[in-house]
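>
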Amino acid sequence: MGSFQHYPLYRHQEKDLISFPLLAVCGTMPGPGSCVAVRRCFTFATGLVECLCFAGAAFGWASLVFVLKTEGYFSSLCVNSTDVNTTQVLDCTGQEEQFSLVFTIASFMNNFMTLPNGFLFDRFGTTVARLFGIFCYTMGTLMVAFSTPAISNMLFPAMSFLTTGGIMFLITNMQVGNLFGSHRSTIITLYSGAFDSSSALLLVIKLLHESGVSLRTSFLFLSFCSIIHLLRTFFLLPRSVIPYPLPDRYTYGVTCGKSKSLSLEATASSTTRRQIEELPLDKDSPVKQEKSLRECLLSRFFAWHLVWLSVMQLRIYMFIGTLNPMLDRLTEGEPSLVSQYINAFAITQLCGVLCAPWNGLIMDRLKRRYRAPGVSEQEVDLQASVPSLFLTALQCVVFSVCASTPYLPLQYLTFILQVLNRSFLYGGNAAFINVAFPSCHFGKLLGLIMALSAVFSLLQYPCFALVKGALGGDPLYMNIGLTLLTLLAFIHPLSVYLHCRRLASQRNESKAISASS
Numbered sequence: 102m103g104s105f106q107h108y109p110l111y112r113h114q115e116k117d118l119i120s121f122p123l124l125a126v127c128g129t130m131p132g133p134g135s136c137v138a139v140r141r142c143f144t145f146a147t148g149l150v151e152c153l154c155f156a157g158a159a160f161g162w163a164s165l166v167f168v169l170k171t172e173g174y175f176s177s178l179c180v181n182s183t184d185v186n187t188t189q190v191l192d193c194t195g196q197e198e199q200f201s202l203v204f205t206i207a208s209f210m211n212n213f214m215t216l217p218n219g220f221l222f223d224r225f226g227t228t229v230a231r232l233f234g235i236f237c238y239t240m241g242t243l244m245v246a247f248s249t250p251a252i253s254n255m256l257f258p259a260m261s262f263l264t265t266g267g268i269m270f271l272i273t274n275m276q277v278g279n280l281f282g283s284h285r286s287t288i289i290t291l292y293s294g295a296f297d298s299s300s301a302l303l304l305v306i307k308l309l310h311e312s313g314v315s316l317r318t319s320f321l322f323l324s325f326c327s328i329i330h331l332l333r334t335f336f337l338l339p340r341s342v343i344p345y346p347l348p349d350r351y352t353y354g355v356t357c358g359k360s361k362s363l364s365l366e367a368t369a370s371s372t373t374r375r376q377i378e379e380l381p382l383d384k385d386s387p388v389k390q391e392k393s394l395r396e397c398l399l400s401r402f403f404a405w406h407l408v409w410l411s412v413m414q415l416r417i418y419m420f421i422g423t424l425n426p427m428l429d430r431l432t433e434g435e436p437s438l439v440s441q442y443i444n445a446f447a448i449t450q451l452c453g454v455l456c457a458p459w460n461g462l463i464m465d466r467l468k469r470r471y472r473a474p475g476v477s478e479q480e481v482d483l484q485a486s487v488p489s490l491f492l493t494a495l496q497c498v499v500f501s502v503c504a505s506t507p508y509l510p511l512q513y514l515t516f517i518l519q520v521l522n523r524s525f526l527y528g529g530n531a532a533f534i535n536v537a538f539p540s541c542h543f544g545k546l547l548g549l550i551m552a553l554s555a556v557f558s559l560l561q562y563p564c565f566a567l568v569k570g571a572l573g574g575d576p577l578y579m580n581i582g583l584t585l586l587t588l589l590a591f592i593h594p595l596s597v598y599l600h601c602r603r604l605a606s607q608r609n610e611s612k613a614i615s616a617s618s
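Residues 102 to 618 in the numbering used here are what the sequence shown lists, from first letter to last.
1) Helix, strand or coil for Ser393? Go by DSSP, reduced to three states.
2) Val481 and Lys468 - do their beta-carbons sit closer together than 8 Å?
3) Determine which residues share a DSSP beta bridge with Asp223 and list them.
4) So for Asp349, helix, strand or coil by DSSP?
5) Kindly identify the DSSP beta-bridge partner or partners of Val190.
6) For Gly523, count the other beta carbons within 10 Å of its own beta carbon; 16 or more makes it buried, fewer makes it exposed. Which is it?
7) Assuming contact is defined by CB atoms lying nearer than 8 Å, are Ile534 and Phe525 in contact in what I supplied?
8) Got a sec? Which residues, its chain only, sit under 8 Å from Phe155 by beta carbon, not counting five neighbours each side?
9) Kindly confirm or deny that the stretch 570 to 581 and the stretch 450 to 461 touch, where touching means at least three C-beta pairs closer than 8 Å.
10) Just list the alpha helix (DSSP H) runs in the stretch 548 to 577, keeping only unbroken ones of 4 residues or longer that don't cross its boundaries, in chain order.
11) For the alpha helix (DSSP H) containing Leu149, name the first residue and the last one.
12) What's the gap between the Cα of Leu263 and the Cα of Val168?
13) Return the Cβ separation of Val408 and Leu483 in integer angstroms, given the expectation that the two are a contact with Cβ distance under 8 Å.
14) By alpha-carbon positions, which one of Phe209, Ser312, Val342 and Leu256 ends up nearest to Ile272?
15) So, is Asn530 buried or exposed, given that buried needs 16 or more other C-beta atoms within 10 angstroms?
16) When the distance is taken between beta carbons, is Cys503 closer than 8 Å to Tyr292?
17) When you compare the CB positions of Ser501 and Thr584, do they come within less than 8 Å of one another, or not?
18) Please classify Arg340: does DSSP put it in a helix, a strand, or coil?
19) Rounding to the nearest angstrom, what Cα-Cα distance links Tyr351 and His284 in this structure?
20) Quick test of your reading: Gly278 and Ala259, contact by CB under 8 Å. State the CB separation rounded to the nearest angstrom.
21) With DSSP run on the structure shown, which of helix, strand or coil describes Gly422?
22) Using beta-carbon positions only, say whether Leu428 and Tyr418 come within less than 8 Å of one another.
23) Using only the alpha-carbon positions, how far apart do Arg603 and Arg141 sit?
24) So for Met214, helix, strand or coil by DSSP?
25) Assuming Ala173 and Pro250 make a contact with CB atoms under 8 Å, what is their CB distance in whole Å?
26) Using a Cβ-Cβ cutoff of less than 6 Å, which residues in the same chain neighbour Tyr527 once the five nearest sequence positions on both sides are dropped?
27) Using C-beta distances below 7 Å, list every residue in its chain close to Leu202, excluding the 5 sequence neighbours before and after it, in chain order.
28) Between Leu559 and Ala571, what straight-line distance do the alpha-carbon atoms span, to the nearest angstrom?
29) Output needed for Leu46: all residues of its chain with C-beta closer than 6 Å, excluding positions within five of it in sequence on either side, in chain order.
30) From Met413 to Thr587, what distance separates their C-alpha atoms?
31) Count the other CB atoms, across all protein chains shown, that sit within 10 Å of the CB of Leu332; report buried if there are 16 or more and exposed otherwise.
32) Use the C-beta contact count for Val190: other C-beta atoms within 10 angstroms, 16 or more gives buried, fewer gives exposed.
33) Could you check the C-alpha separation between His600 and Phe403 for me, to the nearest Å?
34) State the Cα-Cα distance for the pair Asn274 and Met551, rounded to the nearest angstrom.
35) Out of curiosity, what's the CA-to-CA distance linking Ser182 and Thr194?
36) Are Ser411 and Ser606 close, meaning C-beta to C-beta below 8 Å?
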């Protein structure tokens with residue numbers, strides 16, 4: 102895929118935008134007047150708050166499970182049994198399995214629904230996509246609010262609605278990066294990190310519950326917040342999509358007294374802009390043909406990127422879904438210790454918004470290092486992605502080793518590595534698809550790769566059942582197997598690296614032939 106640097110206007114804007122820290126971008130945005138810069142920065146800031154406080158709330162599942170157990174959800178599945186000392190104990194394996202199944206289905210829907218959500222977004226634009234997302238999110242919060250232990254099964258559709266709406270918030274916010282030129286990868290990964298950090302919302306609900314605020318009250322408040330999402334949809338985002346590269350004099354949302362025809366004209370011209378996006382700097386060079394969607398799907402990049410994402414995502418989901426039973430086992434069922442570690446886990450999730458931008462910053466900085474005469478922008482982007490892909494895989498292996506070690510204090514480090522790895526994983530996933538494939542296929546490819554990885558993530562439930570059954574509750578061998586599986590993730594950065602080496606070799610051969618002739 103080419104980049105906006107091929108277009109002279111955006112090469113000029115990029116120089117104006119290379120300023121750090123990131124928030125300094127808001128003060129240097131080009132555009133027709135300060136109102137444009139203020140609106141873009143307000144769009145960026147409110148999108149960050151939306152992702153940080155709402156989008157990925159369902160992944161704070163461990164905190165919510167603690168509350169649901171207190172309330173007695175699925176408690177009818179707990180039975181009296183006799184241990185090895187002939188002592189009567191309460192066996193809640195059935196309850197744990199139901200909670201694990203709820204999270205398995207919810208996490209599956211979070212990824213699988215990215216595919217139809219991506220097509221909906223590409224076909225009908227931002228407004229329609231967000232209205233669907235807001236509807237799903239509101240339905241999910243209302244279902245949790247009005248669920249009771251007697252109708253515990255309502256959690257299944259409730260959490261699925263919550264994750265479907267949340268991922269739509271993320272998809273529609275990622276396009277905001279198109280407003281900020283050379284900081285595009287940084288903003289995409291920042292939003293992805295905010296999505297991860299929003300899982301701490303359920304920690305807040307857990308603490309409020311311990312202070313006497315009911316679960317119903319908390320989720321009704323979240324339902325009421327949908328009004329804010331609606332206002333942002335109509336006043337701070339475009340009806341269609343934010344084009345890339347950004348057309349000249351592009352505007353959207355509240356127009357500061359300017360005619361709305363400007364926005365429509367700019368949006369209409371975006372198609373023409375995209376057609377010349379691949380125009381090389383050398384006018385005598387032929388225009389590069391965009392890959393079709395089928396060619397993208399059959400490419401080696403797509404296949405290995407799918408493996409890279411799927412194996413690491415399965416490891417992370419398995420850890421989150423089994424965190425409560427793991428802590429029960431390591432603390433020997435001490436409720437206060439379990440609560441302490443769940444709180445620590447949820448608090449570390451807040452660091453996702455701080456960790457994720459580093460992945461984008463690494464890629465954006467390396468792009469400048471790899472730029473050289475004769476090197477295409479796509480090759481520069483791919484070279485910059487190799488360290489990111491490798492570092493993410495390395496993080497996952499270290500995290501998996503720590504998670505496999507049955508030593509309670511070590512789990513604090515495991516929590517930190519998990520949020521770091523998760524932040525790099527999803528930010529790097531979107532960023533790689535953005536640089537490796539044509540931008541016109543971004544929504545569809547992101548949706549499809551998330552949907553396919555969701556199918557793979559369904560393995561977490563049989564893994565959990567295997568641990569509870571054949572392995573007698575000891576997950577050691579399962580954890581070792583998952584750690585070995587994550588080693589497959591290293592193939593992807595190696596494949597991209599070898600591809601870049603081949604391109605460099607071909608370029609050198611062409612130079613040698615030209616010199617000799």
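Cβ coordinates follow ideal geometry from the N, Cα and C atoms, glycine included.
Let me lay it out:
1) For the purposes of this step, residue 393 is identified with residue 292 of the sequence shown, where counting begins at 1. Residue state, collapsed to three classes: coil.
2) Start at 1 with the first residue of the sequence shown, and residue 468 comes out as number 367. Start at 1 with the first residue of the sequence shown, and residue 481 comes out as number 380. Yes, the pair counts as a contact, with Cβ atoms nearer than the cut-off.
3) Mapped onto the sequence shown, residue 223 falls at position 122. For Asp223, which the question treats as bridged, DSSP gives no partner whatsoever.
4) The residue labelled residue 349 in the question sits at position 248 within the sequence shown. Coil, per DSSP.
5) Numbered from 1 along the sequence shown, position 89 holds the residue referred to as residue 190. DSSP, once it has assigned bridges, lists Ser182 as partnering Val190.
6) In the sequence shown, counting from the first residue as 1, residue 523 sits at position 422. Note that residue 523 corresponds to Arg in the displayed sequence, not to Gly. When all chains shown are included, Arg523 counts as buried.
7) Working through the sequence shown from its first residue, we reach residue 534 at position 433. Working through the sequence shown from its first residue, we reach residue 525 at position 424. Cβ distance not < 8 Å, so Ile534 and Phe525 don't count as in contact.
8) Start at 1 with the first residue of the sequence shown, and residue 155 comes out as number 54. Excluding residues within five positions, the ones whose Cβ falls inside 8 Å are Tyr238, Gly267, Phe270, Ser299, Leu302, Leu323, Cys326 and His330.
9) no
10) 561 to 569
11) Indexing the sequence shown from 1 puts residue 149 at position 48. From DSSP, the alpha helix (DSSP H) with Leu149 extends over Ser135 to Glu151.
12) The residue given as residue 263 occupies position 162 in the sequence shown. The residue given as residue 168 occupies position 67 in the sequence shown. Cα to Cα, the separation comes out at about 17 Å.
13) The residue given as residue 408 occupies position 307 in the sequence shown. The residue given as residue 483 occupies position 382 in the sequence shown. No, Val408 and Leu483 are not in contact; Cβ-Cβ is about 17 Å, not under 8 Å.
14) Sequence index remark: in the sequence shown, residue 272 carries index 171 (1-based). Ile272 has its Cα closest to that of Val342, out of Phe209, Ser312, Val342 and Leu256.
15) The residue labelled residue 530 in the question sits at position 429 within the sequence shown. Asn530 comes out buried.
16) By 1-based counting over the sequence shown, the position of residue 292 is 191. By 1-based counting over the sequence shown, the position of residue 503 is 402. No, the Cβ-Cβ distance between Tyr292 and Cys503 is not below 8 Å.
17) Mapped onto the sequence shown, residue 501 falls at position 400. Mapped onto the sequence shown, residue 584 falls at position 483. It is a contact, given that the beta carbons lie within the stated cut-off.
18) Looking up residue 340 in the sequence shown gives position 239. Coil.
19) Reading the sequence shown from its first residue, position 250 is the one you call residue 351. Reading the sequence shown from its first residue, position 183 is the one you call residue 284. Each residue's alpha carbon lies about 18 Å from the other.
20) By 1-based counting over the sequence shown, the position of residue 278 is 177. By 1-based counting over the sequence shown, the position of residue 259 is 158. At roughly 31 Å, the Cβ-Cβ gap does not stay under 8 Å, so Gly278 and Ala259 are not in contact.
21) Looking up residue 422 in the sequence shown gives position 321. Gly422: helix per DSSP, three-state reduction.
22) In the sequence shown, the residue the question calls residue 428 occupies position 327. In the sequence shown, the residue the question calls residue 418 occupies position 317. Not closer than 8 Å, so no.
23) Walking along the sequence shown from the start, residue 603 turns up at place 502. Walking along the sequence shown from the start, residue 141 turns up at place 40. Roughly 40 Å between the two C-alpha positions.
24) The sequence position of residue 214 within the sequence shown is 113, counting from 1. In this structure, Met214 counts as coil in the three-state DSSP scheme.
25) Residue mapping note: residue 173 aligns to position 72 of the sequence shown, counting from 1. Residue mapping note: residue 250 aligns to position 149 of the sequence shown, counting from 1. Per the sequence presented here, residue 173 reads as Gly, with Ala not at that position. Their Cβ separation, rounded to whole angstroms, is 4 Å, which keeps Gly173 and Pro250 in contact under 8 Å.
26) Sequence index remark: in the sequence shown, residue 527 carries index 426 (1-based). Cβ within range, chain order: Ser293.
27) For this step, residue 202 is matched to residue 101 along the sequence shown. The residues are Tyr562.
28) Here residue 559 refers to the residue found at position 458 of the sequence shown. Here residue 571 refers to the residue found at position 470 of the sequence shown. Roughly 19 Å separates the two Cα atoms.
29) As shown, the chain starts at 102 and ends at 618. That puts residue 46 outside it, with no answer to give.
30) Looking up residue 413 in the sequence shown gives position 312. Looking up residue 587 in the sequence shown gives position 486. In a straight line, the C-alpha of Met413 is about 6 Å away from that of Thr587.
31) Here residue 332 corresponds to residue number 231 of the sequence shown, with the count starting at 1. By the 10 Å Cβ count, Leu332 comes out exposed.
32) Working through the sequence shown from its first residue, we reach residue 190 at position 89. Classification for Val190: exposed.
33) Counting from 1 along the sequence shown, the entry for residue 600 is found at position 499. Counting from 1 along the sequence shown, the entry for residue 403 is found at position 302. Rounded to whole angstroms, His600 to Phe403 spans 13 Å at the Cα level.
34) The residue given as residue 274 occupies position 173 in the sequence shown. The residue given as residue 551 occupies position 450 in the sequence shown. So the two alpha carbons sit approximately 17 Å from each other.
35) Numbered from 1 along the sequence shown, position 81 holds the residue referred to as residue 182. Numbered from 1 along the sequence shown, position 93 holds the residue referred to as residue 194. The alpha-carbon atoms of Ser182 and Thr194 are separated by roughly 11 Å.
36) Start at 1 with the first residue of the sequence shown, and residue 411 comes out as number 310. Start at 1 with the first residue of the sequence shown, and residue 606 comes out as number 505. In this structure, Ser606 does not lie closer than 8 Å to Ser411 by Cβ.
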